[in-house]
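Taking it in order: structure first as structure tokens, then the write-up.
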Amino acid sequence: MAPTVRVRFAPAPTGLLHIGNARTALFNYVFAKRERGRFILRIEDTDAERSSEAFVQAILEDLRWLGIEWDEGPDGKGSYGPYRQSQRISLYRQFGEQLLQEGKAYKCFCSRERLEALRKEQLSQGLMPRYDGKCRLLTRKEISEKESEGVPFVLRFPVGRGTVLFEDLIHGKMSFELSGIGDFIIIRSYGIADYNFACVIDDHLMEITHVIRGDDHLSNTPRQILLYRAFGWEPPQFAHHPLILGPDRTPLSKRHGATAVAHYRQEGFLPEALLNYLFLLGWTPPSKEEFFTIEKLREEFSLSSLSRNAPIHSRQKLEWLNSHYIRKMNENRLLTLLTPSLEKAGIKVDQCEKKYLLEVISLLKENITVLSQVEEYLGIFFDEKFAIEEEAKKILKHPENQKILQEIYAILKESPKKGEGSWASLLLKVEERTGHKGKSLYAPLRAGITGKMKGPELAKILPLLGQERVMKRLKIALEGEDP
RNA sequence: GGUCCCAUCGUCUAGUGGCCUAGGACAUCGGCCUCUCACGUCGAAAACACGGGUUCGAAUCCCGUUGGGACCA
246 MAPTVRVRFA PAPTGLLHIG NARTALFNYV FAKRERGRFI LRIEDTDAER SSEAFVQAIL
306 EDLRWLGIEW DEGPDGKGSY GPYRQSQRIS LYRQFGEQLL QEGKAYKCFC SRERLEALRK
366 EQLSQGLMPR YDGKCRLLTR KEISEKESEG VPFVLRFPVG RGTVLFEDLI HGKMSFELSG
426 IGDFIIIRSY GIADYNFACV IDDHLMEITH VIRGDDHLSN TPRQILLYRA FGWEPPQFAH
486 HPLILGPDRT PLSKRHGATA VAHYRQEGFL PEALLNYLFL LGWTPPSKEE FFTIEKLREE
546 FSLSSLSRNA PIHSRQKLEW LNSHYIRKMN ENRLLTLLTP SLEKAGIKVD QCEKKYLLEV
606 ISLLKENITV LSQVEEYLGI FFDEKFAIEE EAKKILKHPE NQKILQEIYA ILKESPKKGE
666 GSWASLLLKV EERTGHKGKS LYAPLRAGIT GKMKGPELAK ILPLLGQERV MKRLKIALEG
726 EDP
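Counting the first sequence from 1 gives a position; this note's numbering is that position plus 245.
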């Protein structure tokens, strides 16, 4: 029987989770679900300077928001811990020591100055800069001399010659020439493990079966495989996916503006839209359908069908998906999601009639791309936000338009309270009396009633506002007063 | 400089040797719908980086060039 699939997502808490990392997490998560395996969250916080607990918490929050649940992680779940590298430092040292004892690693006493000089010289000769293996040849005596002098050292791994072959689940057969790789550091002078070393030890100890990560690690993989071999461990399967690029075709970073998941969440993007988008960049479901859910991904996603091209981030496509999901969402859930935006805009949600709120939302969801955009339209439905835009004012100034509004006002005044259905007949009456219809009627009406030039259908807004409020707003428009 | 990765419309992609006069989506432009915006709908413009092979036949396979990217330092 094949062992249980175990995958991991291993972010460094040196910043907010950005959409590229989120995509990696999602690939791992969906793969684990499909294989009925386990998803492990590991925090790579060996860089104490740049790591912070606040970022750890922010990352966890973003992952949860995306719908990712981990089976094991830094918050107590799982028995392969600890799940923070900062708590595993002594482990790395132990394994470093083991390699040293077995003669599979050596102490390197070379100073920063020597390394720097070496590098410059190699460069000037047109050679590739890499460690020349000087300390690999040190005698026992020389080593103990250096040690007693207290010369700081690092642990290096002798790479040797040959070719490393492996099968990448996305790229296929991979072949790396070792002649291009210098002896690399596994433990730094201050006792901290290098990335590749810590990564291999953790992945092995946590019994990771599939390492799914970005292409930026592709060329680290032969180094890691060498370490697995040195320990006599079975390497996991590897899958390297392309990195999301910015419009300038360099890897997505802060320079490209908003890239953090948290940012998109705050702006009012839905997790299902972001998820759909992240997979759409580089993957097409068998059905060729553009919209898909995580359930569908669980059934249909496969690493080998992922594109090997690095995709470019497109906010437009994300927005398109988001507006689609907003329109599809039911009003009750939308109201829950929208409440923070509404409150922030000064609408006291709990004091509003829920039925009214839901109706407002059912109209507005047709017009917005991101949740935060509702604010733009709030003035139509909430008196405390009502304001007349400059362009609307211009329209209202026209004498002819004033006449039309006066007519409407008069008709409303003489009509008994209108039920919802009778607005249509009322507008017909207005058409008859003023001789205006279509645009010339509706434009001033819209300007007067909503204070805006665009928005949902007037035929739906009017009954929602009710006769009384419509009259009140007409009056404001007629008197040319600022409300 | 070495070791690798990648290469179809502006963007995401379909395409795994004949079904391709290269399909879809976003964005763009135009028509329709319509009081506006949005939606919807119809249509237009838009790509196989280049050069060699292999083959009866190549976007698809091989090699080289070019371009972009990663890692190494």
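All C-beta atoms in this analysis are idealised placements derived from N, C-alpha and C, irrespective of residue type, glycine included. As the structure is a computational prediction, the values presented were derived from the model and not from experiment.
First through last residue of the alpha helix (DSSP H) which encompasses residue i
i: A299; result: E298 to W310
i: T408; result: First-last for T408: T408 to D413, but that is the beta strand (DSSP E), not the alpha helix (DSSP H).
i: G693; result: K684 to T695
i: A507; result: V506 to E512
i: S389; result: R385 to E394
i: Q561; result: R560 to K573
i: F524; result: P516 to L525
i: R578; result: E576 to K589
Span separating the alpha-carbon of residue i from that of residue j
i: D727; j: P319; result: Residue placement at D727 is flagged as unreliable, the pLDDT there being 46, under the threshold of 50; the coordinate-derived value follows with that caveat. C-alpha separation (whole angstroms): 57 Å.
i: T695; j: Q596; result: 22 Å
i: R251; j: L450; result: 12 Å
i: C444; j: E535; result: 36 Å
i: P397; j: S434; result: 6 Å
i: V594; j: L608; result: 17 Å
i: C380; j: G477; result: 24 Å
i: D439; j: R309; result: 29 Å
i: Y601; j: D448; result: 54 Å
i: Y325; j: E317; result: 8 Å
i: K658; j: K717; result: 11 Å
i: E540; j: E611; result: 26 Å
i: Y274; j: I313; result: 7 Å
i: E621; j: S685; result: 24 Å
i: E713; j: A267; result: 50 Å
i: L672; j: A692; result: 16 Å
i: V715; j: P708; result: 9 Å
i: E361; j: Y376; result: 10 Å
i: T504; j: W565; result: 17 Å
i: F340; j: P481; result: 19 Å
i: L410; j: S424; result: 14 Å
i: M419; j: G323; result: 33 Å
i: L382; j: I388; result: 10 Å
Candidates the options: closest to residue i by CA position
i: C353; options: G711, P403 and F476; result: P403
i: T249; options: F276, F627 and H501; result: F276
i: L471; options: S660, I539 and L344; result: L344
i: H508; options: F483, L603, R560 and I446; result: R560
i: A270; options: R381, G459, E659 and P531; result: G459
i: L690; options: H643, S660, E659 and S667; result: H643
i: H416; options: D316, L551, S331 and L673; result: L551
i: K278; options: S549, F442, R543 and T679; result: R543
i: K599; options: L580, A257, P480 and I264; result: L580
i: T454; options: F483, S331 and E652; result: F483
i: D428; options: R468, L410 and H462; result: R468
i: P258; options: Q302, V615, F272 and E347; result: Q302
i: I706; options: L623, F272 and I613; result: L623
i: E677; options: M698, W315, I457 and I649; result: I649
i: K562; options: V615, P585, L311 and Q647; result: V615
CB of residue i within 8 Å of CB of residue j, strictly
i: R401; j: A475; result: no
i: L710; j: Y687; result: no
i: R553; j: P487; result: yes
i: I557; j: P496; result: no
i: E629; j: G591; result: yes
i: L523; j: I264; result: yes
i: D307; j: V605; result: no
i: R216; j: I285; result: Outside the displayed range of the chain (246 to 728) lies residue 216, so it cannot be described from this structure.
i: L262; j: I304; result: yes
i: G513; j: Q618; result: yes
i: L224; j: Y570; result: Residue 224 is absent from the structure shown; the chain starts at 246 and stops at 728.
i: A414; j: S549; result: A small fix is needed here, since residue 414 is Leu in this sequence, not Ala. A contact, by the Cβ cut-off of 8 Å.
Start-to-end residues for the beta strand (DSSP E) that takes in residue i
i: A555; result: Neither: A555 is in no beta strand (DSSP E) and is coded neither H nor E.
i: V275; result: That residue, V275, is in no beta strand (DSSP E); its alpha helix (DSSP H) goes I264 to R279.
i: A257; result: Run containing A257: none; DSSP gives neither H nor E here.
i: Y328; result: From DSSP, Y328 is part of no beta strand (DSSP E); its letter is neither H nor E.
i: I539; result: No beta strand (DSSP E) contains I539, which is instead part of the alpha helix (DSSP H) from I539 to E545.
i: S667; result: Unbroken run through S667: none, as it is neither H nor E.
i: F483; result: Q482 to H486
i: M419; result: G417 to E422
i: L382; result: Here L382 belongs to no beta strand (DSSP E), and DSSP marks it neither H nor E.
i: F536; result: Segment: none, F536 is in no beta strand (DSSP E) and carries neither H nor E.
| request: With a floor of 4 residues, list each alpha helix (DSSP H) that falls wholly inside the region 608 to 636, ordered by position along the chain. | output: 619 to 626
| field | Inside the region 434 to 469 only - beta strand (DSSP E) runs reaching at least 3 residues | value | Entirely contained in the region 434 to 469, the beta strand (DSSP E) runs reaching 3 residues are, in chain order, 455 to 459.
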